[in-house]
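Take the sequence shown: its letters are residues -4 to 360, numbered as in the numbering used here. Every residue, glycine too, gets a C-beta built ideally from N, C-alpha and C. Here is the structure we will look at.
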Amino acid sequence: MIKFLDLKAINDQYRDELNQVMQNVLDSGWYIKGQSVKNFEANFAKYCGVKHCVGVANGLDALILIFKALIIQGRLNEGDEVIVPANTYIASILALTENNLKPVLVEPDESSFNLSIKGIKSNMSTQTKAILSVHLYGQLAEDVSDFCKDNNLLLIEDLAQAHGGENAQGKKAGSFGVVAGFSFYPGKNLGALGDAGAVTTNDKDLADLISQLGNYGSEKKYHNSQQGVNSRLDELHTAILNVKLKYIDQEIVKRREAALYYQEHINNPKIQKPNWNVEVNNHVFHLYVIRCKERDILQTYLQDKGIQTVIHYPIPPHKQKAYSNWNTLSFPITEQIHKEVLSLPISSIITKEEQNQVINALNEF
Ligand SMILES: *Cc1c(COP(=O)(O)O)cnc(C)c1O
-4 MIKFLDLKAI NDQYRDELNQ VMQNVLDSGW YIKGQSVKNF EANFAKYCGV KHCVGVANGL
56 DALILIFKAL IIQGRLNEGD EVIVPANTYI ASILALTENN LKPVLVEPDE SSFNLSIKGI
116 KSNMSTQTKA ILSVHLYGQL AEDVSDFCKD NNLLLIEDLA QAHGGENAQG KKAGSFGVVA
176 GFSFYPGKNL GALGDAGAVT TNDKDLADLI SQLGNYGSEK KYHNSQQGVN SRLDELHTAI
236 LNVKLKYIDQ EIVKRREAAL YYQEHINNPK IQKPNWNVEV NNHVFHLYVI RCKERDILQT
296 YLQDKGIQTV IHYPIPPHKQ KAYSNWNTLS FPITEQIHKE VLSLPISSII TKEEQNQVIN
356 ALNEF
């Protein structure tokens, strides 16, 4: 069986170091808001090329707290329209509706699965106040930062899938907009051994406010200036993440090598491969996503050959029960994507032999 993602094997690469740092946390007797969190926040901010990082409990909270803070600062108001890709993971949308902002779902650019300036332009109104750009599957979306500046829009990035990506000019993911939200869910490219997330920004006031909001709204212990929540990243998770952050770039290099191997060897005309310019480091291949008109048949066929695949995602947000008032809306490109996409096994430790099995199966399909 070729697993879609063998998390145990991925983390086993760092077993000794992880055991050591977990032991250190145990022995320290200090588990919340300590030195390990401070170190990780500093390391991750540096890695993303920004001034501030605030650890939070998970990726969804990162996005929820970002919008909550922007509303408190008066930079957004409840009811404002925020443009977001229609084909994103539901977390991006939940962060908006949780804050009583109005998601404006926009069809993605088909070659990148991401928002484009063209898509934004044709969906903008006078109520549009922000863009939530999602770098889906690990591929950076078109840089819309200048466009946002020119049009007085706040740019927020959902980077749950694209840690470490950079554009052709070497600009790092997490530094394009006003603020970005990251997830360190175990299956992400930089994954903890549980839930974890972070916010990155160059704006100190915004970072401080988000930090307070995630800690009961307190600026100092037992002094609460905001009605906050408890969404903290802790010592144990940051100890683990501090280890894994050292290896993220080499993990990405290996993912890109594996992706390139698929690109060069999958040659079945029924299968559409990702549109990727190898010369640019803009894709970190969190997922290697192919498209096929007979996707469901293909998935069963691969399963029968012992190859696990996953669909990201089977149902678009506007077709979910949770958003039943949107169910009659039509987004043909998005709906077609959801019918055709299939994510192949990919990781830093996938072997050529495993990839050859996947490739042979696909080419014989
Ligand atoms: C994983 C993910 C999230 C949410 O992250 P969690 O840590 O699971 O809450 C948000 N947006 C996207 C695009 C994701 O893939």
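Checklist entry - Taking 6 Å as the cut-off, does the CB of L55 come closer than this to any heavy atom belonging to ligand 1? => result In the sequence shown, counting from the first residue as 1, residue 55 sits at position 60. The nearest non-hydrogen atom of ligand 1 is less than 6 Å from the C-beta of L55.
Item to check | Rounded straight-line distance, which links the Cα of L60 to that of K28 | outcome: Taking the first residue of the sequence shown as position 1, residue 28 is located at position 33. Taking the first residue of the sequence shown as position 1, residue 60 is located at position 65. CA-CA distance, K28 to L60, rounds to 18 Å.
Next on the checklist: Applying the 10 Å Cβ sphere with the 16-neighbour rule, what's the burial state of P103?
Outcome noted: On the sequence shown, residue 103 is found 108 positions in, with the first residue counted as 1. Buried, since its Cβ has 16 or more Cβ neighbours within 10 Å.
Checklist entry - Shorter than 7 Å from the beta carbon of S120 to some beta carbon of chain D? => result In the structure shown, chain D does not exist; there is a single protein chain.
Item to check | Opposing strand residues paired with Y132 [DSSP bridges] | outcome: As a first step, residue 132 is located in the sequence shown; it is residue number 137 there, counting from the start. DSSP, once it has assigned bridges, lists no residue as partnering Y132.
Checklist entry - Would the beta-carbon of Q352 be found less than 6 Å away from any heavy atom of ligand 1? => result On the sequence shown, position 357 is the one that residue 352 refers to. Relative to ligand 1, the beta carbon of Q352 is positioned no closer than 6 Å to any heavy atom.
Item to check | Beta-carbon spacing of V353, I302 below 7 Å | outcome: Within the sequence shown, numbered from 1, the residue matching residue 353 stands at position 358. Within the sequence shown, numbered from 1, the residue matching residue 302 stands at position 307. It is a contact, given that the beta carbons lie within the stated cut-off.
Checklist entry - What do you get for G69, buried or exposed, if any count of 16 or more other CB atoms within 10 angstroms of its CB means buried? => result Counting from one through the sequence shown, the residue named residue 69 turns up at place 74. Label assigned to G69: exposed.
Item to check | Continuous alpha helix (DSSP H) stretch holding S140: start and end | outcome: In the sequence shown, the residue the question calls residue 140 occupies position 145. Note, S140: alpha helix (DSSP H), S140 to D145.
Checklist entry - The alpha helix (DSSP H) spanning Y242 covers which residue range? => result The residue labelled residue 242 in the question sits at position 247 within the sequence shown. Where Y242 is concerned, the enclosing alpha helix (DSSP H) stretches over E230 to H260.
Checklist entry - If you compare alpha carbons, which of S31, I126 and R250 is closest to K347? => result Taking the sequence shown and counting its residues from 1, one reaches residue 347 at position 352. The residue with the shortest Cα to Cα distance from K347 is R250.
Next on the checklist: Is S128 a contact residue of ligand 1, with contact defined as CB to any heavy atom under 6 Å?
Outcome noted: For this step, residue 128 is matched to residue 133 along the sequence shown. S128: no, Cβ never under 6 Å from ligand 1.
Next on the checklist: Assuming contact is defined by CB atoms lying nearer than 7 Å, are L148 and A168 in contact in what I supplied?
Outcome noted: Numbered from its first residue, the sequence shown carries residue 148 at position 153. Numbered from its first residue, the sequence shown carries residue 168 at position 173. A distance of 7 Å or more separates the beta carbons of L148 and A168.
Checklist entry - In terms of residue numbering, what span does the beta strand (DSSP E) encompassing F177 cover? => result Position 182 of the sequence shown holds residue 177. V174 to S178 is the span of the beta strand (DSSP E), which, as asked, contains F177.
Checklist entry - ligand 1 heavy atoms versus the CB of S107: any closer than 6 Å? => result In the sequence shown, the residue the question calls residue 107 occupies position 112. Result no, Cβ not under 6 Å from ligand 1.
Checklist entry - How many Å lie between A187 and C143 at the Cα? => result The count along the sequence shown starts at 1 and reaches residue 187 at position 192. The count along the sequence shown starts at 1 and reaches residue 143 at position 148. Rounded to the nearest angstrom, the two C-alpha atoms are 33 Å apart.
Next on the checklist: Using a 10 Å radius around the Cβ and a threshold of 16 neighbouring Cβ atoms, would you call C227 buried or exposed?
Outcome noted: To locate residue 227, count along the sequence shown from 1; it is residue 232. In the sequence on display, residue 227 carries Arg and not Cys. It counts as buried.
Checklist entry - Taking 6 Å as the cut-off, does the CB of V192 come closer than this to any heavy atom belonging to ligand 1? => result As a working mapping, residue 192 is identified with position 197 in the sequence shown. Rather than Val, the amino acid found at residue 192 in this sequence is Gly. Checking every heavy atom of ligand 1 against the Cβ of G192, one is found closer than 6 Å.
Checklist entry - Taking F280 as the reference, which of L208, K288, W271 and Q331 has the closest Cα? => result To locate residue 280, count along the sequence shown from 1; it is residue 285. Cα-wise, what sits closest to F280 is W271.
Checklist entry - For I266, which three-state DSSP category applies? => result By one-based count along the sequence shown, residue 266 stands at place 271. In the structure shown, I266 falls within a coil segment according to DSSP collapsed to helix, strand and coil.
Checklist entry - Looking at the structure shown, is D153 part of a helix, part of a strand, or coil, going by DSSP? => result Start at 1 with the first residue of the sequence shown, and residue 153 comes out as number 158. Here DSSP, grouped into helix, strand and coil, assigns D153 to strand.
Checklist entry - So who's on the other strand from R286, going by DSSP bridges? => result The residue labelled residue 286 in the question sits at position 291 within the sequence shown. Paired residues: Q267 and V336.
Checklist entry - If you measure from the CB of Y283, is any heavy atom of ligand 1 nearer than 6 Å? => result Start at 1 with the first residue of the sequence shown, and residue 283 comes out as number 288. Not one heavy atom of ligand 1 sits closer than 6 Å to the Cβ of Y283.
Next on the checklist: Any contact between the segment 289 to 298 and the segment 46 to 64? By contact I mean 3 or more CB pairs, one from each, below 8 Å.
Outcome noted: With a cut-off of 8 Å, the segment 46 to 64 and the segment 289 to 298 do not count as touching, because too few Cβ pairs lie within range.
Checklist entry - Mind checking whether I78 and I115 have CB atoms under 7 Å apart? => result As a first step, residue 78 is located in the sequence shown; it is residue number 83 there, counting from the start. As a first step, residue 115 is located in the sequence shown; it is residue number 120 there, counting from the start. Cβ distance < 7 Å, so I78 and I115 count as in contact.
Next on the checklist: Quick check on the burial criterion: 16 or more other C-beta atoms within 10 angstroms. Buried or exposed for H278?
Outcome noted: Taking the first residue of the sequence shown as position 1, residue 278 is located at position 283. Classification of H278: buried, given that the 10 Å Cβ count is 16 or more.
Checklist entry - Should E214 go down as buried or exposed, given a rule of 16 or more other Cβ atoms within 10 Å for buried? => result In the sequence shown, counting from the first residue as 1, residue 214 sits at position 219. Taking all protein chains in view, the Cβ of E214 is surrounded by fewer than 16 other Cβ atoms within 10 Å, so the residue is classified as exposed.
Item to check | Span of the beta strand (DSSP E), counted from its first residue to its last, around T196 | outcome: Locating residue 196 in the sequence shown gives position 201, counting from the first residue. Counting along the chain, the unbroken beta strand (DSSP E) around T196 starts and ends at G192 to T196.
Checklist entry - Short check: CB of L357 to CB of I235, under 7 Å? => result Counting from 1 along the sequence shown, the entry for residue 357 is found at position 362. Counting from 1 along the sequence shown, the entry for residue 235 is found at position 240. Cβ distance not < 7 Å, so L357 and I235 don't count as in contact.
Checklist entry - Should N210 go down as buried or exposed, given a rule of 16 or more other Cβ atoms within 10 Å for buried? => result Translated into positions along the sequence shown, residue 210 becomes position 215. Answer is buried; the Cβ neighbour count reaches 16.
Next on the checklist: Can you tell me whether P103 is helix, strand or coil according to DSSP?
Outcome noted: The count along the sequence shown starts at 1 and reaches residue 103 at position 108. Assigned with DSSP and collapsed to three states, P103 falls in coil, not helix or strand.
Item to check | Collapsed DSSP secondary structure at I306 in the structure displayed | outcome: One-based indexing of the sequence shown puts residue 306 at position 311. Reduced to three states, the DSSP call for I306 is coil.
Checklist entry - Does at least one heavy atom of ligand 1 sit under 6 Å from the Cβ of A317? => result Counting from 1 along the sequence shown, the entry for residue 317 is found at position 322. Checking every heavy atom of ligand 1 against the Cβ of A317, none is found closer than 6 Å.
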